[in-house]
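When we follow my numbering, the leftmost residue of the sequence shown carries the number 8, and every step to the right adds one.
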Amino acid sequence: MSDAFDRSITNAINSTGTDAVRREFLKLISSEFAGIHATVVGMVGNLSDADDVMQDACIKMWKNFDRFDRERSFRNWAVTIAANEARNFLKKRKRNRGFGLTEEAIENLVKVRTGAAEFLELRLEKLADCVAELSSKDQHLVWECYERKQQINDWATKHNKSANTVYSRLRRLRDRLYECINRKLSLAE
């Protein structure tokens, strides 16, 4: 997030709301900012304009945060607001410059982005289920090498294993997790 964005959103947030609500909003927007921003960049076509749209969108999100249903996806709610701000921006730009994406093209971009985000979210949920099915030894290996981002060579040395053995084990675990995720997704359909 840019300094200008930080100042803009911080000023808006500090003017209203309780500390707990501010922290909740900042945590949610921080975790989803990159994906929302990517959607806006895809819609408006350049980073500078996208930053401007994101400032407006984040302020609007904050002003409407009390209406956000905590049982629903924050990402989808935020993308909807950001996409609406991007549409407004594009309408103004089209009036001023005489060009831009059609409403249908913009709507399709938003649908694709939202659908992809939902699909990735679902895959992450299934990944957590599949990791839970691994033995505790395998869970520990996955956690150490991926979650903690420990170097595989360091992990191998620490556990008296060859790096090739660890790489092979991780490859087999990735394959098992991939198959497990796909199996769970096909059962969910």
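Glycine included, every Cβ here is placed at the ideal spot set by N, Cα and C.
Run the CB neighbour count on residue i, radius 10 Å, all protein chains shown included, and call it buried at 16 or more, exposed below.
i, result
"Q62", "buried"
"E125", "exposed"
"V117", "buried"
"R190", "exposed"
"T46", "buried"
"H44", "buried"
"L54", "exposed"
"L97", "buried"
"Y185", "exposed"
"R30", "exposed"
"A135", "exposed"
With distances taken between CB atoms, is the gap from residue i to residue j smaller than 9 Å?
i, j, result
"R183", "L141", "yes"
"E128", "S193", "no"
"L177", "V149", "yes"
"E154", "W162", "no"
"K133", "C187", "yes"
"K67", "I36", "no"
"R82", "G42", "yes"
Taking residue i as the reference, which of the options has the closest Cα?
i, options, result
"D56", "E92, S38 and A27", "E92"
"N197", "T164, E114, R82 and E78", "No information on residue 197 is available, as it lies outside the stretch 8 to 196 that the chain covers here."
"A64", "N53, E78, G49 and F40", "F40"
"A112", "L35, E186 and V51", "V51"
"V28", "K70, V60 and V86", "K70"
"R100", "V173, N167, V60 and S169", "V60"
"V86", "R130, T109 and A123", "A123"
"H147", "T109, A90, D58 and V173", "V173"
"W84", "R130, F32, E110 and K168", "F32"
Cβ of residue i within 8 Å of any heavy atom in the ligand ADP?
i, result
"S38", "Among the components of this structure there are no ligands whatsoever, and the ligand ADP is therefore not found."
Inset, instruction - Determine contact between the stretch 109 to 123 and the stretch 69 to 76, defined as no fewer than three beta-carbon pairs at a distance below 8 Å. - result: A contact is defined here as three or more CB-CB pairs under 8 Å, and the stretch 109 to 123 fails this definition with respect to the stretch 69 to 76.
Legend entry - 3 or more residues per run - each beta strand (DSSP E) lying fully within the stretch 77 to 160: Counting only runs of at least 3 residues, the stretch 77 to 160 fully encloses no beta strand (DSSP E) element at all.
Inset, instruction - For the stretch 17 to 65, list the alpha helix (DSSP H) runs that are entirely contained and at least 4 residues long, ordered along the chain. - result: Listed in chain order, the complete alpha helix (DSSP H) runs (minimum 4 residues) inside the stretch 17 to 65 are 26 to 51.
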